[in-house]
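Counting from 76, one number per residue, gives the positions in the sequence shown under the numbering used here. Remarks on the structure that follows.
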Amino acid sequence: MNINSLQEESIITSHIINSTISKNVSQMTGNKGISPFSEILSEACGKTGDVSSMFQTAFSSYNVQTKVGNCNVPWESWDRNDFPIWEYFKKDSSAECLNKWRPSGPEPLQTDRNVQKGLSQINYGEMVILMPESLQKKMESDPNFAEEVLKKVQKWKEDYDREDNAIAASLGYDPGLNQLSKSYCIQLDENGNVGDYTVVGGGFDDPHDTSVTVISKDDPFLFRKTVRKENQLVTENTVVTEKNDIDFESVAPYLMDLKVKKE
């Protein structure tokens, strides 16, 4: 079998899968139309006056916490595996809660028991937005500016997910399950640009590609996180892929297994 026939087979298979998923999603939603993102932004900026409501409306499928304050964490700390990012996801924590955190000892592996215990405290479908007070005031006083910021964050998330899900697929993981498992902690500057961020995900399933090494076969729900400084440019290995639709009906059992495991 030559490369051309493999590509043709892959395209046909992908079309069949996407068609099936789209049909299932359509049946589950009752063929209701989805409002354009511009309408969501208009509603968020027009009917609500605080940034928390704006981000919650713009990312309605996530549990969003917006924390205003002077988050001032050195990149060297933010980048470590043991940086307790999970603290930001707690309801009673502030944007400044980790400003004084400093590492002690050598950096542990991401598979370290204590690191995994901390990451497991973060539920899937969570989003934390850290922002300075100056940004909050500008967004709440200027709806047009607020809409621009919301669009920036949405565009950042779309770009990140596109690349991350493509990488997951290349490693043999289900990109739909990979997407469902993710939670985000995003730091914004005074102009609403994404700076440092951490994305945490739980491995819902083992990779389909048997050549991929699984770190812990005893724990397929190993939590992994991606930390990146947004202003660092990626100059190679750029991945472009189509949007991954999700058949929520088929992944529901995985979500229930994860919920039981975490409890």
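Virtual Cβ for every residue (Gly too), placed ideally from N, Cα, C. Model, not experiment: these values are computed from the prediction.
Pick from R155, E265 and S152 that is closest to K213, judged by C-alpha positions: E265
Stretch-stretch touch, CB-based, cutoff 8 Å, three pairs: the region 138-156 with the region 182-191: yes
Between the CA atoms of N219 and T186 - distance to the nearest angstrom: 44 Å
Identity of the residues DSSP links to K142 by a beta bridge: L205
Length of the line joining the Cα atoms of G267 and N253: 27 Å
Three or more C-beta pairs below 8 Å linking the region 234-249 and the region 121-139: Segments in contact, no.
D364, enclosing alpha helix (DSSP H) - first and last residue: No answer is possible for residue 364: the residues shown for the chain start at 76 and end at 338.
Counted within 10 angstroms of its Cβ, other Cβ atoms place S256 as buried (16 or more) or exposed: By the 10 Å Cβ count, S256 comes out buried.
Reference V139, options V224, N147 and S258, closest by Cα: S258
Residues sharing a beta bridge with Y259, DSSP: Looking at the DSSP assignment, Y259 forms a beta bridge with M202 and V274.
Q196 versus V275: straight-line alpha-carbon distance, rounded: 11 Å
Contact the region 197-217 vs the region 132-147: 3+ CB pairs below 8 Å: yes
Close beta carbons around K169, own chain, < 8 Å, minus the five adjacent residues each side: Position check: residue 169 holds Ser in this sequence, whereas Lys was assumed. Excluding sequence neighbours, S169 sits near K142 and G144.
Supposed contact pair N174 and V148 - C-beta distance, whole angstroms, cut 8 Å: 6 Å
Residue closest to F130, alpha-carbon to alpha-carbon, out of Q191, D239, G277 and A221: Nearest C-alpha to F130: A221.
Extent of the continuous alpha helix (DSSP H) to which E222 belongs: P218 to S245 is the span of the alpha helix (DSSP H), which, as asked, contains E222.
Through-space distance from Y163 to R299, alpha-carbon basis: Computed Cα separation, rounded: 17 Å.
Same chain only: Cβ atoms within 7 Å of K134, ignoring 5 sequence neighbours per side: This sequence places Phe at residue 134; Lys is not what is there. The answer, listed in chain order, is M202.
Nearest-angstrom Cα separation, counted from K192 out to T132: 31 Å
As assigned by DSSP and simplified to three states, the class of R155: Under the three-state reduction of DSSP, R155 is assigned to coil, being neither helix nor strand.
Whole-angstrom distance between L210 and V228, CA atom to CA atom: 13 Å
Rounded C-alpha distance that separates V224 from R177: 31 Å
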